[in-house]
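First comes the structure, then the notes that go with it.
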Amino acid sequence: MPKSTQRLCRRIARAACALALVLPLAACDALTPGSTAAVPGPRSVPSSTAVPEGDVTLRVQFADAPLMVDALIAAFEKGHPGISVEPQYKTFSDYVQNLKLTMTSDSAPDIAQYAVGMTDLAQDGHILDLAPYREAYGWDESIPPVSLDQLTAGRKSEATGGRALFGVPAGLSMTGIYYNKELAEQAGIKGPPRTLAEFEEQLAAAKDADLTPLGVGALTEGGLHLWAALLNQLMPTDDYWDWVNGTKGATIENQAGITASELVVEWSRKDYYHESANGTGQIDSTAQFAKGDSVFLINGNWAAGQLATTMGDNVGFFPMPGENAGAPTVASGFSVAYAVSSRTEHPGAAGAFLDFLTSPEAGQIISDNGFLPPNPEAVAKPEGVLADIAEGHRRAIADDGITTFPDFAAPAMLDRLRSGVQKLIADRVEPADYLDSLQDEWEEHHAE
Amino acid sequence: MPSRPPVRPPGTRGRGAWRGYVYVLPAFLVYVAFAVLPALHTAYLSLFEWDGVTLGEWVGLGNYQEILQDSVLRRSVFNALVLVVFFSFVPIALGLAMTGLLARYRRPGMGAYRFLFMLPQVIPLVAVGVTWRWLYGDDGLVNQAFRTVGLDGVTRAWLGDFDAALVAVGLVGTWVLSGLCMMLFLSGVQKVDPSLYEAARLDGAGPVREFVSVTLPHLRGELAVAMTVTTVAALASFDIVYVTTNGGPGEQTTVPGLLVYRLAFSEGKVGLAAALAVVLGCLILAIVYLINRLSRTET
Chain A
1 MPKSTQRLCR
11 RIARAACALA
21 LVLPLAACDA
31 LTPGSTAAVP
41 GPRSVPSSTA
51 VPEGDVTLRV
61 QFADAPLMVD
71 ALIAAFEKGH
81 PGISVEPQYK
91 TFSDYVQNLK
101 LTMTSDSAPD
111 IAQYAVGMTD
121 LAQDGHILDL
131 APYREAYGWD
141 ESIPPVSLDQ
151 LTAGRKSEAT
161 GGRALFGVPA
171 GLSMTGIYYN
181 KELAEQAGIK
191 GPPRTLAEFE
201 EQLAAAKDAD
211 LTPLGVGALT
221 EGGLHLWAAL
231 LNQLMPTDDY
241 WDWVNGTKGA
251 TIENQAGITA
261 SELVVEWSRK
271 DYYHESANGT
281 GQIDSTAQFA
291 KGDSVFLING
301 NWAAGQLATT
311 MGDNVGFFPM
321 PGENAGAPTV
331 ASGFSVAYAV
341 SSRTEHPGAA
351 GAFLDFLTSP
361 EAGQIISDNG
371 FLPPNPEAVA
381 KPEGVLADIA
391 EGHRRAIADD
401 GITTFPDFAA
411 PAMLDRLRSG
421 VQKLIADRVE
431 PADYLDSLQD
441 EWEEHHAE
Chain B
1 MPSRPPVRPP
11 GTRGRGAWRG
21 YVYVLPAFLV
31 YVAFAVLPAL
41 HTAYLSLFEW
51 DGVTLGEWVG
61 LGNYQEILQD
71 SVLRRSVFNA
81 LVLVVFFSFV
91 PIALGLAMTG
101 LLARYRRPGM
111 GAYRFLFMLP
121 QVIPLVAVGV
131 TWRWLYGDDG
141 LVNQAFRTVG
151 LDGVTRAWLG
161 DFDAALVAVG
171 LVGTWVLSGL
181 CMMLFLSGVQ
191 KVDPSLYEAA
201 RLDGAGPVRE
211 FVSVTLPHLR
221 GELAVAMTVT
231 TVAALASFDI
241 VYVTTNGGPG
251 EQTTVPGLLV
261 YRLAFSEGKV
271 GLAAALAVVL
281 GCLILAIVYL
291 INRLSRTET
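Keeping their order, the protein sequence lines are chains A and B.
Under full-length UniProt numbering, the first residue of the first sequence carries the number 1, and numbering increases by one thereafter.
Under full-length UniProt numbering, the first residue of the second sequence carries the number 1, and numbering increases by one thereafter.
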């Protein structure tokens, strides 16, 4: 037998041995991945608001606005001397990547910031259903119910029979259009548009004045914010919610989806975006806008602080206008919210902390840190572009028009949306095919 | 008196030969614990549909079937193969050219050259990615350079352009790996007996002839190493793509490594991610085997 053949035989024998070792493992249930992640305790909080006596330490894990969280904790501890809160800050990407492992481990924090993966965790009982607290603490009175309804994970509460609740918001976000007042005037644009058609006229006017009309950071999330903002005006809000929540039979393949996608393409054909929109991230497009590179910019309230600092009175904000002047204000947004782990030993203390987040005192801290407090009436009125945002937010809340971001529809949706809108902007995909790719992903995720 | 053979026939084991294995044991255990077992575990996970949290479901080879059918996954493998050109072929060609230029005579300042060309290899790839994202930006150095020479029509946001993005990302790899190839080849050339060059010159060989007949044959081993390292870098690429384009625009620069990461960590499809990782691993092993086979038969 030649040497190389011999070697080959030996290799095959070795591979067979390895396979023989592995195959029996497959039959063994204990080795099935995920079998150790059983939920130990109850799946819902108690219905009383009693806070335990004695010293309690709550661990809070979060990824957004560390300064705000520190201030909130300090204020909370002052009012609750028995409870100390230990903040554990992680960067957003670390947080989201490890969320599932963290929340299913024995060392899970008592309280954790709500993020996309929470829906699955809630499904499997790793997050406590807070619906009993919603009634006991009367949260519907202290914050707009619409912001709580974002946190139901599309489920019914086993404890109350009503909607479930898997988090309490501390500060909301909202997307919309910023505009450069000087450049707008230069293009003959007088004030925020009242209808979508008027906004299109303004974009055209900016183009005619040899300015770049609209800044879009489509390399990252800017493109999907634009698409969602248009979709919000065209698609009935309830249908949109059904789609994001995964309600059976919901679809994005409808006329509103087509029209919104066609608008994104049409504006690109008319050169309303910066030529390099697909190669520009959200942060870069915001910096370009601040330098005066475009008349409008699609972004969210999280950019308001920076823009107010760099542009002062020269920047304004309006939510994407509806099809006609009387249309409700609808905009995508989500809350920096906190959920409670099913593994916590102190659901009472955690409830007290979450209830504190709905108080006027917490609202002021949230507002001071540049976020929209869930209870805007209770805080001092902000100025400048922050006032524009607060006003837009007030209108959206009044119209029940804060919808969640479209990528919450499925874990993989973010990538489909981002690359899909990039193709729309580059005019490389038919709107119908783009929607089809989204719906495919939706159906795969919501198959069961 | 029958005499015993003085030497054991090759291939049989004498007593005491097992001692050699004892010396290998510690390294072998570490290798098994941190390389072999995780690899087998990955292969095992690839047979499940598992979201990383809840009970997984046995699907056999279903994940592999899905890989073959998914157009995005197939596209990503194609992109990785395109990257091989920029991560492997171009750097090796450049490395050889530079070696040809630098190796013929000793020149002053060789240390400085080596330092400069090796520098990209030392910088963390994430930092490289961020730097190039700026260079390729709208007002970045690349576009500024084009504008300076009057080529305003060429400028674009390179990483956001459907036709240019993959090439732009590939050239970052070229930048990183050319220095490595050159270093490998330069050190290989130093083994060559100087008298060979002298002989070649006496026979009237010019620089090209000298390179082809003397330098190149002596670099076969280094070529195999360079090819292996750079091809693996291309097929398993992740950091540069993740930082510069995150797979965009569209799926123009999506590579398998990026998809493994996305599927496992943000999309909750750990089984599918493991299957893709296994396929990618096998593909890399096959190509590396091929490269080594080719470089061996020539000896």
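Every residue gets a Cβ at the ideal spot worked out from N, C-alpha and C, and that includes glycine.
For residue 83 of chain A, three-class secondary structure by DSSP: Correct three-state label for residue 83 of chain A: strand.
Between the region 122-151 of chain B and chain A, which residues of the former have a C-beta closer than 8 Å to a C-beta of the latter? If the cut-off is 8 Å between Cβ atoms, the region 122-151 of chain B has 136, 137 and 138 near chain A.
Using a Cβ cut-off of 8 Å (strictly closer), state whether residue 436 of chain A contacts chain B. False, the Cβ-Cβ gap to chain B never drops below 8 Å.
For chain B, find out if any of its Cβ atoms is closer than 8 Å to the Cβ of residue 100 of chain A; answer yes or no. With 8 Å as the cut-off, residue 100 of chain A counts as an interface residue toward chain B.
Inter-stretch contact (C-beta, 8 Å, three-pair minimum) for the region 375-388 of chain A and the region 415-429 of chain A: Counting C-beta pairs with one atom in each stretch, the region 375-388 of chain A and the region 415-429 of chain A have fewer than three that are closer than 8 Å, which means they do not touch.
With respect to the beta strand (DSSP E) encompassing residue 294 of chain A, which residues constitute its N-terminal and C-terminal limits? Where residue 294 of chain A is concerned, the enclosing beta strand (DSSP E) starts and stops at 294-300.
With 8 Å set as the bound, which would you pick, yes or no: does the beta-carbon of residue 162 of chain B sit closer than that to a beta-carbon of chain A? It does; some Cβ of chain A falls within 8 Å.
In terms of alpha-carbon separation, which member of B:184, B:204, B:287 and B:120 lies closest to residue 98 of chain B? Comparing Cα positions, the closest option is B:184.
Every unbroken alpha helix (DSSP H) within the region 274-346 of chain A, with a cutoff of 4 residues, ordered by chain: Complete alpha helix (DSSP H) runs here, min 4: 282-290 and 304-311.
Going by alpha carbons, who is nearest to residue 198 of chain B out of B:214, B:150, B:188 and B:187? Measuring from the Cα of residue 198 of chain B, the nearest candidate turns out to be B:214.
By DSSP, does residue 435 of chain A sit in helix, in strand, or in coil? Residue 435 of chain A: helix per DSSP, three-state reduction.
Could you check how far apart the C-beta atoms of residue 310 of chain A and residue 218 of chain A are, in whole angstroms? I think they sit under 8 Å. Wrong, their Cβ atoms sit about 22 Å apart, outside the cutoff.
Give every residue of the same chain whose Cβ lies closer than 7 Å to the Cβ of residue 227 of chain B, excluding the five residues on either side of it in the sequence, and list them in chain order. Correct list, in chain order: 88, 92 and 291.
So with Cβ pairs under 8 Å, would you call residue 202 of chain A a contact of chain B? For residue 202 of chain A, the answer is no, since every Cβ of chain B falls outside 8 Å of its Cβ.
Partner residues on chain A for residue 76 of chain B, Cβ-Cβ distance less than 7 Å: What residue 76 of chain B touches in chain A, judged by beta-carbon distance under 7 Å, is nothing: the nearest beta carbon there is about 12 Å away.
What's the gap between the Cα of residue 79 of chain B and the Cα of residue 282 of chain A? A straight line joining the alpha-carbon of residue 79 of chain B with that of residue 282 of chain A spans about 26 Å.
Taking the CB atoms as reference points, tell me whether residue 213 of chain A and residue 316 of chain A lie closer together than 8 Å. Not in contact: residue 213 of chain A and residue 316 of chain A (Cβ atoms no closer than 8 Å).
With DSSP as the reference, label residue 57 of chain A as helix, strand or coil. The three-state secondary structure of residue 57 of chain A, taken from DSSP, is strand.
Taking 8 Å as the cut-off, decide whether the C-beta atoms of residue 411 of chain A and residue 96 of chain A are in contact. Result no, Cβ atoms of residue 411 of chain A and residue 96 of chain A do not sit closer than 8 Å.
For the alpha helix (DSSP H) containing residue 133 of chain A, list its first residue and its last residue. First-last of the alpha helix (DSSP H) with residue 133 of chain A: 131-136.
Against residue 422 of chain A, what residues of chain B qualify as contacts under a CB-to-CB distance less than 7 Å, listed in chain order? In chain order: 248, 249 and 250.
Length at least 4, wholly inside the region 96-161 of chain A: the alpha helix (DSSP H) runs in chain order: Taking only runs of at least 4 residues, the alpha helix (DSSP H) segments lying wholly in the region 96-161 of chain A are 118-123, 131-136, 139-142 and 145-149.
Does DSSP put residue 283 of chain B in a helix, a strand or coil? Helix.
Please say whether residue 293 of chain A and residue 215 of chain A have beta carbons closer to each other than 8 Å? In this structure, residue 215 of chain A sits near residue 293 of chain A, with a CB-CB distance shorter than 8 Å.
Chain B contact for residue 406 of chain A (CB, 8 Å cutoff): Output row for residue 406 of chain A: interface = no.
Starting from residue 411 of chain A, find everything on chain B with Cβ-Cβ shorter than 9 Å and list it in chain order. Within chain B, the residues near residue 411 of chain A are 51, 266, 267, 268 and 269.
According to the Cβ coordinates, are residue 435 of chain A and residue 257 of chain A closer than 8 Å? Taking 8 Å as the Cβ cut-off, residue 435 of chain A and residue 257 of chain A qualify as a contacting pair.
Contacts that residue 158 of chain B makes with chain A (C-beta to C-beta distance below 7 Å): Within 7 Å of the CB of residue 158 of chain B, the CB atoms of chain A belong to 279, in sequence order along the chain.
Against chain D, with Cβ distances strictly below 8 Å, would residue 117 of chain B count as a contact? In the displayed structure, chain D is absent; the protein chains listed are A and B.
DSSP bridge partner residues for residue 88 of chain A (one or two, in chain order): The beta-bridge partner set that DSSP reports for residue 88 of chain A consists of A:61.
Let's test the definition: count the other Cβ atoms within 10 Å of the Cβ of residue 279 of chain B and tell me whether it reaches 16, buried, or not, exposed. Burial call: buried.
According to DSSP, which residues form a beta bridge with residue 231 of chain B? Looking at the DSSP assignment, residue 231 of chain B forms no beta bridge with any residue, so it has no partner.
Who pairs with residue 163 of chain A in a beta bridge, going by DSSP? DSSP output for residue 163 of chain A lists A:156 as bridge partner(s).
What three-state label does DSSP hand residue 237 of chain A in the structure shown? Residue state, collapsed to three classes: helix.
Where does residue 44 of chain A sit, in a helix, a strand or coil, going by DSSP? Here residue 44 of chain A sits in strand by DSSP.
Residue 48 of chain B versus chain A: which residues are under 8 Å apart at the beta carbon? Chain A residues near residue 48 of chain B: 32 and 33.
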